[in-house]
Amino acid sequence: MTREDLRGIIEGISDEQLKKILDINSTDVGKARKGAEDLKKELESANANIEGLTSEISVLKEAQCEAEEMKIKVGELQKIIDDRRIEDEKAARDAELQSRFENATNGMEFLNEFTRNGVFAQFSEALEAEENRSKSDAEIFQSLTADVGNLFVSDNGIPTVLASTTGFGADLSMGDVREIMGLSRE
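Quick note on numbering: numbering that gives the first Met the number 0 labels position 50 of the sequence shown as 49, and the sequence is numbered without any gaps.
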């Protein structure tokens with residue numbers, strides 16, 4: 000607001016009255032400017048805080064992502080460790096079972112690997128049976144093989160069927176063939 004603006008609005012205003020009105024106006028404008036400058040400084044400070052917090056949030060988000068990735072990797076590694084431990088425990092149990100079976104066979108030689116594997120499977124199952132809890136491994140093995148023929152190589156190394164068959168296979172029955180293979184005659 001200028002002096003001419005006031006003279007146009009108020010006719011006959013004195014210079015002293017104009018000066019008082021303009022002084023009051025200047026004081027009000029000064030206060031308003033100071034308030035505006037203070038608000039501007041507060042706004043700049045708030046914007047700086049926002050930028051700082053935004054940057055901090057980005058860092059935290061990145062750290063959170065890294066933590067989640069690490070958590071996933073730790074979980075994967077733990078699963079590998081657990082799986083390996085289970086495999087190692089199973090291998091140890093299998094080795095112990097094989098050792099017990101070998102001790103129970105007392106060095107007897109099976110006709111073939113198929114026969115050995117079949118008797119081993121029966122031996123493994125029999126070890127778990129409740130009725131065999133009080134029996135030794137040798138007793139369990141004996142009960143599995145006592146009444147079964149042609150499981151082991153005979154003393155001369157030739158299956159009994161071949162030794163008793165004329166012409167080494169000319170008149171073999173199906174039972175003879177099964178016996179040669181280490182199976183029951185039925």
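Glycine residues also receive a C-beta, built at the ideal position from the N, C-alpha and C atoms.
Residue range of the alpha helix (DSSP H) that includes residue i
{"i": "Ser123", "result": "112-127"}
{"i": "Ala66", "result": "14-104"}
{"i": "Ile179", "result": "173-179"}
{"i": "Ala145", "result": "First-last for Ala145: undefined, no H or E at that position."}
{"i": "Glu108", "result": "Careful: Glu108 lies outside any alpha helix (DSSP H) and carries neither H nor E."}
{"i": "Glu185", "result": "Element bounds for Glu185: n/a, residue is neither H nor E."}
{"i": "Ile8", "result": "2-8"}
Rounded C-alpha distance that separates residue i from residue j
{"i": "Glu86", "j": "Glu127", "result": "20 Å"}
{"i": "Gln16", "j": "Glu36", "result": "30 Å"}
{"i": "Gln121", "j": "Ala62", "result": "57 Å"}
{"i": "Lys18", "j": "Gly34", "result": "24 Å"}
{"i": "Arg184", "j": "Arg177", "result": "6 Å"}
{"i": "Asp14", "j": "Gly29", "result": "22 Å"}
{"i": "Asn24", "j": "Leu42", "result": "26 Å"}
{"i": "Arg6", "j": "Leu38", "result": "34 Å"}
{"i": "Asp81", "j": "Gly74", "result": "10 Å"}
{"i": "Asn149", "j": "Met180", "result": "9 Å"}
{"i": "Gly11", "j": "Arg32", "result": "31 Å"}
{"i": "Lys239", "j": "Asn46", "result": "Absent from the structure is residue 239, since the part of the chain shown begins at 0 and ends at 185."}
{"i": "Asp4", "j": "Ile20", "result": "12 Å"}
Proximal residues to residue i (C-beta, below 7 Å), its chain only, five neighbours per side dropped
{"i": "Leu96", "result": "Ser123"}
{"i": "Ala162", "result": "Because the pLDDT at Ala162 is just 49, under 50, the model does not fix this residue reliably, and the point stays unresolved."}
{"i": "Phe119", "result": "Phe100"}
Beta-carbon contacts of residue i that lie in its chain and below 8 Å, excluding the five residues immediately before and after
{"i": "Glu108", "result": "Phe151, Val152"}
{"i": "Val147", "result": "Ser183"}
ask   = Are the segment 100-117 and the segment 132-145 touching by the rule of at least three beta carbon pairs closer than 8 Å?
value = Segments in contact, yes.
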